[in-house]
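My numbering puts the first residue of the sequence shown at 18, with every later residue one more than the last.
First the structure, in the form of structure tokens, and then the observations on it.
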Amino acid sequence: MNQVLVPDIGDFKEVEVIEVLVKPGDAVTKEQSLITLESDKATMEIPSPAAGVVKELKVKTGDKVSQGSPILLLDAQDEAKKATPKAEPPKKEEAPRAPAAAAPAPAPGGARVQNVAVPDIGDFKEVEVIEVLVKPGDKVAKEQSLVTLESDKATMEIPSPVAGVVKEMKIKSGDKVSQGSPILVLEATEQRAEPRPAPQAEAPKAAPAPASATAATRPSASPAPQPVPPAPREEGGAKPHASPSVRKFARELGVDLAQVQGSGPKGRILHSDVQGFVKGALAGGAAGRAAPAVKGGMGGLPFNLPAWPDVDFAKFGPIETKPLARIQKLSGPYLHRNWISIPHVTQCDDADITDLEAFRKAQTAETEKRGFKLTMLAFMIKACVTALKQFPQFNASLDKSGENIIVKHYYHIGVAVDTPGGLVVPVVRDADRKGVFDLAHELGDISKVARDGKLKPADLQGGTFSISSLGGIGGNYFTPIINAPEVAILGVSRSVIRPVWDGKSFAPRLMLPLALSYDHRVIDGATAARFSSYLVSVLSDIRKLIL
Ligand code: CAO
């Protein structure tokens, strides 16, 4: 039976256990994370030193631990039993933690110029610099992060040993560094603290520390790196990927990082993402209270919602983890923003398209000869433009302040296209100036370009109203999500022959289910019902299209 202890965690002591990731009876693999620790400066996952079965937990959430504190008892697999558990603190003589900060040299005016080097970063070598957070001329405070390093297992920020002014950078993004690699030259503006004994020599309370009096000292010029969890885990509830300073910032603001969309490399959450999240949440809150306020930013879930369930699905049966398609990854946050920040109402109706369908079919021989397909969608676009002209507030957007409506005098209709890579919404421009045949032709072309993945960004911009047609597939009404900054979208389902009462008898009529989602901040329910009825009347009597 192995006792797994908190390994060498640098300067950190009495660190809170914020998550216990295993329980007695769990089989764990070597390197599997057991617990997560978090101080105000670092977040660290402690991996299992060996494969085995958890017998007994020695910690719980909220406990404070230091190097050497027991975590759990592990019934390690035979081979691993012989191995020295990785979680045991390394021998300090073997792992000197003294950084390679060069001796300071006097600078003019009494300031001291000193080289700041990568401190002891444990086992990590040739670690990539993924972010340089300062530049020459910048004033930095003591403990301010200078660079972020990332290996496949950890992300670390290297803080400044003293306050000062950056004189020269010695590294750039993409460089590989190890302990002792120079980071920058700093002109210290504060008295450089005297070297103090290495933390290991201070004998952590619970640690069976092998620290010797001869252990290398750790000058304060190189504070401990701040390890944080690596990139999000692929399965289950992905851990938010953020640097310690961003975590601290989020904590101060009460932001749950699990709700924040990261825009940095590998989805890392940046300072600006947390700011954007807060702005979005505040805008959402304001909109809920009084006047509409539509602001930029990715928004996110409002505060105080329960965290996303972190379920080990494999416990219930076989599973497979697959990444979302590229378009899904890109469009998901926007769909999410639109869904949570726009008060949607969906008005449903049926259009009698019996005559329209007869007309469409009569024309198809002609269009087929001309090499394109005349589907119902081309008529839908034309009918929507007619209705948009009657009800201009549907061809509009809220401005950034949320206090004005911008009504557009052009009619660019977005059409949702289902592609192998995911949903895209190319825009048919100036639909009011095109005939049904032109529209049908263009629809054929644009959906082919979309399915071939060849749309350009400009093809997706400038829409004033959207149509999502699932008519070719099936179904009976759905609630489409508004494509902001538009204020309405029409969902079209499959037409079906139904008995319709004509005042004397039931007649078989081809009925087209329509679902109009609209932004209730801009459009009243009564107006939406009028728009919808008008659209139905146009589709039921296509002579209105030419009015
Ligand atoms: N009722 C009955 N039949 C319909 C219909 C309707 N409302 N709409 C289309 N059809 C028929 C067409 O006439 C065609 O029939 P034939 O094969 O017999 O000629 C067939 O369904 C297929 O039509 P289509 O899909 O090729 O053409 P379209 O113009 O209707 O639609 C496009 C084009 C690009 C919009 C469509 O292919 C598509 O991608 N739809 C999915 C959009 C989507 O995913 N929306 C969801 C958004 S929310 O996630």
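All residues carry an ideal CB built from backbone N, CA and C; glycine is no exception.
Tell me residue i's beta-bridge partners as DSSP assigns them.
i           : result
residue 518 : 523
residue 186 : 201
residue 398 : According to DSSP, residue 398 bridges with nothing at all.
residue 444 : 431
residue 529 : 368
residue 19  : 91
residue 414 : 423
residue 404 : In DSSP, residue 404 forms no bridge with anything.
residue 149 : 164
Do residue i and residue j have their C-beta atoms within less than 8 Å of each other?
i           : j           : result
residue 149 : residue 183 : no
residue 88  : residue 45  : no
residue 479 : residue 445 : no
residue 331 : residue 273 : no
residue 42  : residue 23  : no
residue 412 : residue 363 : no
residue 500 : residue 522 : no
residue 377 : residue 397 : no
residue 504 : residue 487 : no
residue 402 : residue 448 : yes
residue 74  : residue 64  : no
residue 153 : residue 185 : yes
Distance, Cα to Cα, residue i vs residue j?
i           : j           : result
residue 47  : residue 275 : 26 Å
residue 456 : residue 436 : 20 Å
residue 204 : residue 129 : 5 Å
residue 173 : residue 390 : 58 Å
residue 200 : residue 259 : 21 Å
residue 465 : residue 395 : 15 Å
residue 166 : residue 502 : 39 Å
residue 438 : residue 400 : 30 Å
residue 566 : residue 341 : No answer is possible for residue 566: it lies beyond the span of the chain, which begins at 18 and ends at 564.
residue 359 : residue 271 : 24 Å
residue 134 : residue 25  : 20 Å
residue 188 : residue 545 : 59 Å
residue 284 : residue 352 : 18 Å
residue 552 : residue 530 : 12 Å
residue 269 : residue 53  : 19 Å
residue 131 : residue 298 : 43 Å
residue 423 : residue 40  : 57 Å
residue 278 : residue 257 : 9 Å
residue 62  : residue 288 : 22 Å
residue 417 : residue 329 : 42 Å
residue 547 : residue 162 : 59 Å
residue 557 : residue 433 : 23 Å
Less than 7 Å between the CB of residue i and some heavy atom of the ligand CAO, yes or no?
i           : result
residue 137 : no
residue 469 : no
residue 393 : yes
residue 390 : yes
residue 549 : no
residue 460 : yes
residue 488 : yes
residue 515 : no
residue 483 : no
residue 529 : yes
residue 264 : no
residue 534 : no
residue 23  : no
residue 433 : yes
residue 350 : no
residue 512 : yes
residue 440 : yes
residue 557 : no
residue 464 : yes
residue 41  : no
residue 509 : yes
residue 178 : no
On a CA-only basis, which of the options is nearest residue i? Give me that one, please.
i           : options               : result
residue 146 : 131, 137, 425 and 175 : 175
residue 532 : 365, 377, 395 and 23  : 365
residue 511 : 368, 448, 521 and 414 : 368
residue 405 : 80, 90 and 562        : 562
residue 440 : 467, 286, 380 and 327 : 467
residue 534 : 141, 74 and 507       : 507
residue 31  : 556, 62, 186 and 80   : 80
residue 384 : 459, 474 and 264      : 459
residue 206 : 354, 198 and 177      : 177
residue 427 : 442, 410 and 421      : 410
residue 36  : 72, 489, 540 and 78   : 78
Would the C-beta of residue i count as close to the ligand ADP, meaning under 7 Å from any of its heavy atoms?
i           : result
residue 437 : Because the ligand ADP does not appear in the structure shown, any question about it cannot be addressed here, the ligands present being the ligand CAO.
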